[in-house]
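Asks: Numbering-wise (the working numbering), the sequence shown opens with residue 5 and increments by one.
All C-beta atoms in this analysis are idealised placements derived from N, C-alpha and C, irrespective of residue type, glycine included.
Can you read through this structure? Questions will come right after.
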Amino acid sequence: MTEGNNTMTMEQAQQEMKEYRKVFDVVRLIGEESIRKMNEGRESEISSGAVACYTFWKKSERCKNCITARVFREKGQRTKLEFRGEQIYQVTARYVEIDGKPYVMELVKEMEEEFLLDGEGCEKLVRKLDGYNRELYMDVLTGSYNRRYYEERLKEKTGSAGVAVIDLDDFKLWNDTYGHGAGDVALQTVGKSIRKSIRKTDSLVRYGGDEFILFMPEVTEDVFLKKLEYIQKQIRDADIPGFSRMRLSVSIGGVTVRDEVMEHAVRKADRLMYQAKLQKNMVVTERKSIDADGIVRLEEENKRAKQLIMIVDDSEMNRDILASILEEDFQIIEAENGEVCLNLLKKYGVEISLILLDIVMPGMNGFQVLHDMNKNHWIEDVPVIMISSEDSEESIRRAYEMGVSDYISRPFDAKVVYQRVFNTIKLYAKQRRLITLVTDQVYEKEKNNRIMVSILSQIVEFRNGESGLHVEHINKLTGMLLERLVQKTDKYHLTWEDQYLITVASALHDIGKIGINEEILNKQGKMTPEEFELMKMHTMIGASMLERLEIYKEERLVQSAYEICRWHHERYDGGGYPDGLKGEEIPIAAQVVSIVDVYDALTSQRVYKEAYSHEKAMQMILTGECGAFQPLLLECLCDIQEEAQRVTEAKSEKDGKISGFELTSLEETLKNSHLIGGLKSEKNH
């Protein structure tokens, strides 16, 4: 019985019901009026038999869980078990529309012990009747079987098959970034791609949120591996509806087994899947692995790719016991005390997937090891499971407080040890992957932000007739000066993020020039007082542009950019513009960009001047010829002047100019440059 074909003629319905009667004791249609009466549950109509639902069950009251009424409301299909006395009946109800009118088709079957069909025969019959219990075992989202099907039909089954665990990479990131709707589309795409790639005799199960299990009965190892590789490629190449630019990938672990319980085969495949997960978008079997580029590695290379576990215990016998439990699926290194453990940690670092750590050891004990791991932040990347016969509540609590992930007591239970080790590695593998993805995503977003800011600032530079390198130099010099300032004083409480935001925002310092006439911007001769007043307006224009960003005006980047745009021509003694701010009234971001802007302007060629040398520029800034700057910032500039000079020399090479070639007098430069905002008004003219 299928949900998909719900519209038919009465003749088709009668023919279908004729087929169902070969299997079910009762097959009938219940109309809308009868269902309405069932919902109302009027005793007179019930007792008179006017309601079709009650004629079979001989009840005098309405069912508390009437699936027929529910199916009619939901226009779907449901199955339940119903008791009548000591007898048990299976009831399946399905919504249909016949000749344009709504009905519910109801199928009833008594569950008898002497039912002649065996399990396999029953399954074939149900399949022939188009799966009347489809809802019971099917995953609605992906069209594959669900977890219940695995638990009831496959888990305990013994046979020969290829078994694969297929995990969708980065599923959590899909959900978090694009929403659960996108996650559903991704799962549907994966399910569809796999189902199109397998035989009718194969079974695909959605085992968990983003995890599928594939069962391929009676398949050779070579054919199975080729099939997994094909599935991997189909998913990678699949188009995702609504997300055409995105690409999916899966990590696959697979085994071929002979006369083995399927549950055991799934466990093996799951371990291999997490080995594939370490690199993502891989197929890993017991003998071979294939990466995203189709490169095949053989068994020996696979062994080297196994997760590395360190066993730390002063008892050689305990180390041997643990190694024997784990060595089949993991690489093992051993340490007989805490000192050796720390040396191996320094050597291998995050290559170690897990540490099994004894607490009670002579010399450096387990707690001291945990102390050093916390001190060096190793505990954040390398999980630790405590192993000890010391099972006092105080010791266990202390170990957890120091960052251990789990606790295993002696004597060891092999299954418990293996499962806890496997679960912990599995959890940390996902965590590492997510951290990497989030880091990459943040980096990509920040890079895109910088690109967009640079593009905008380059537009300004292009209008200004400059080389386009000014913004790049301002970025570099701002970052260098901020770093030195933080080293010299904590007065401004500048975090790493603050420094980063100021550096990025510095690229927008002259964005207001977009609103200045090009004839003024690129004038080669002396500016008139009126022209200079117009030039000074670029600070207010830039600040106004940023202030109008209503959606983003509270963002710290925009706020930093506003401060820089408006006040990077202010001077420490109050002789700057546009507001005549003085001393610490000027935000530190604007102060820093102010001094590096002047330095770069002096060492760069402009339409009104050639470039000054580094030495000449430093002299002019330090002697106050370019206006007054904060003494501490002048010290910082002196401290970084060698690095600043290297930036200047690199710039000269790019521009093809010779630094220090002075054709224009200082007085003429000062008269024409709007950058030198701290001079007396007569020099500005």
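Could you tell me the alpha carbon to alpha carbon distance between Ile644 and Arg271, rounded to whole angstroms?
Replies: Distance between the alpha carbons of Ile644 and Arg271 is about 59 angstroms.
Asks: Below 8 angstroms, can you find three or more Cβ-Cβ pairs linking the stretch 542–559 to the stretch 611–631?
Replies: With a cut-off of 8 angstroms, the stretch 611–631 and the stretch 542–559 do not count as touching, because too few Cβ pairs lie within range.
Asks: For Asn479, count the other beta carbons within 10 Å of its own beta carbon; 16 or more makes it buried, fewer makes it exposed. Which is it?
Replies: Classification for Asn479: buried.
Asks: For the alpha helix (DSSP H) that Met692 lies in, which residues bound it at each end?
Replies: Absent from the structure is residue 692, since the part of the chain shown begins at 5 and ends at 689.
Asks: Compute the distance between the beta-carbons of Ile294 and Leu232, then report whether it is under 9 angstroms.
Replies: Cβ distance < 9 angstroms, so Ile294 and Leu232 count as in contact.
Asks: Which whole-angstrom value describes the C-beta separation of Val254 and Asp173, a residue pair presumed to lie in contact below a C-beta threshold of 8 angstroms?
Replies: Val254 to Asp173, Cβ: 6 angstroms. Contact.
Asks: Could you tell me whether the stretch 378–396 touches the stretch 285–292, where touching means 3 or more Cβ pairs closer than 8 angstroms?
Replies: Segments in contact, no.
Asks: So, for Tyr154: in the same chain, excluding its five sequence neighbours on each side, which residues have a beta-carbon less than 6 angstroms away from its beta-carbon?
Replies: Around Tyr154: Val209.
Asks: Mind reading off the beta-carbon distance from Val108 to Thr72? Whole number of angstroms is fine, and I expect it under 8 angstroms.
Replies: Between Thr72 and Val108 the Cβ distance is about 5 angstroms, and since that is below 8 angstroms, they are a contact.
Asks: Pull the bridge partners of Asp410 from the DSSP assignment, please.
Replies: Answer by DSSP bridge pairing, in chain order: Ile389.
Asks: Quick one: what does DSSP say Leu121 is sitting in, helix, strand or coil?
Replies: Residue placement at Leu121 is poorly supported in this model, since its pLDDT is 48, which falls under 50; the coordinates still yield a value, given next. Reduced to three states, the DSSP call for Leu121 is coil.
Asks: Per DSSP, what are the beta-bridge partners of Glu338 in this structure?
Replies: Glu338 is bridged to Ile315.
Asks: Helix, strand or coil for Thr499? Go by DSSP, reduced to three states.
Replies: Thr499 falls in the coil class under three-state DSSP.
Asks: State the beta-bridge partners of Leu85 as determined by DSSP.
Replies: Note: Leu85 sits in a beta bridge opposite Gln94.
Asks: Taking 8 angstroms as the cut-off, does the stretch 521–535 touch the stretch 478–497 (at least 3 CB pairs, one atom from each stretch)?
Replies: These segments do not touch.
Asks: Between the stretch 230–246 and the stretch 394–405, are three or more C-beta pairs nearer than 8 angstroms?
Replies: No contact exists between the stretch 230–246 and the stretch 394–405.
Asks: From the DSSP output, in three-state form, read off Asp103 for me.
Replies: Note: Asp103 maps to coil in three-state DSSP.
Asks: Exposed or buried, what is Val420 when buried is set at 16 or more other beta-carbons lying within 10 Å of its beta-carbon?
Replies: Answer is exposed; the Cβ neighbour count stays below 16.
Asks: Excluding the 5 residues preceding and the 5 following Asn369 in the sequence, name in chain order all residues of the same chain whose CB lies nearer than 7 angstroms to its CB.
Replies: Here the set comprises Gly342 and Ile363.
Asks: Please state whether DSSP places Ile520 in a helix, a strand or coil.
Replies: In the structure shown, Ile520 sits in coil (DSSP, three-state: anything other than H, G, I, E or B).
Asks: Using the three-state DSSP reduction, which class does Ile400 fall into: helix, strand or coil?
Replies: Note: Ile400 maps to helix in three-state DSSP.
Asks: Give every residue of the same chain whose Cβ lies closer than 6 angstroms to the Cβ of Leu129, excluding the five residues on either side of it in the sequence, and list them in chain order.
Replies: With a pLDDT of 47 at Leu129, under the threshold of 50, the modelled position of this residue cannot be trusted; read the value that follows with caution. If we look at Leu129 and ignore the five residues flanking it on each side, it has no Cβ neighbours.
Asks: Give me the Cα-Cα distance between Leu158 and Asn322, rounded to the nearest whole angstrom.
Replies: Answer to the nearest angstrom: the Cα atoms are 37 angstroms apart.
Asks: From Glu574 to Ser598, what does the alpha carbon distance come to, in whole angstroms?
Replies: Their Cα atoms are separated by approximately 8 angstroms.
Asks: Do Gln335 and Leu312 have their beta-carbon atoms positioned less than 9 angstroms apart in this structure?
Replies: Result yes, Cβ atoms of Leu312 and Gln335 sit closer than 9 angstroms.
Asks: Hey, Ile520 and Leu538: beta-carbon distance below 9 angstroms or not?
Replies: Against a cut-off of 9 angstroms, the Cβ pair of Leu538 and Ile520 comes out as a contact.
Asks: Compare the C-alpha of Lys495 against each of His513, Asp206 and Glu588 and name the closest.
Replies: Nearest C-alpha to Lys495: Glu588.
Asks: Who are the near neighbours of Pro582 in its chain, counting only those whose CB is closer than 6 angstroms to its CB and skipping five residues on each side?
Replies: Result list for Pro582: Thr543 and Met544, in chain order.
Asks: So what does DSSP say about Ser617, is it helix, strand or coil?
Replies: Three-state DSSP puts Ser617 in coil, outside helix and strand.
Asks: Give the DSSP-derived three-state secondary structure of Leu2 in the structure shown.
Replies: The requested residue 2 is not part of the displayed model; the chain covers only 5 to 689.
Asks: Who are the Cβ neighbours of Leu561 in its own chain at under 7 angstroms, not counting the five residues just before and after it?
Replies: Excluding sequence neighbours, Leu561 sits near Leu505, Val508 and Ala509.
Asks: Please determine, among Ile625, Asp604, Leu637 and Glu394, the residue with the shortest C-alpha to C-alpha distance to Arg650.
Replies: Nearest C-alpha to Arg650: Asp604.
Asks: Please list, in chain order, all residues of the same chain as Leu145 whose beta carbon is under 8 angstroms from its beta carbon, the five residues on each side excluded.
Replies: Cβ neighbours of Leu145 beyond the five flanking positions: Asp188, Leu191, Gln192, Gly195 and Arg210.
Asks: Along the chain, where does the alpha helix (DSSP H) that runs through Ala511 open and close?
Replies: Element bounds for Ala511: n/a, residue is neither H nor E.
Asks: With a threshold of 16 other CB atoms inside 10 Å of the CB of Met115, please say whether the residue is buried or exposed.
Replies: That one is exposed.
Asks: Can you check DSSP and say which residues form a bridge with Leu360?
Replies: According to DSSP, Leu360 bridges with Ile315 and Ile389.
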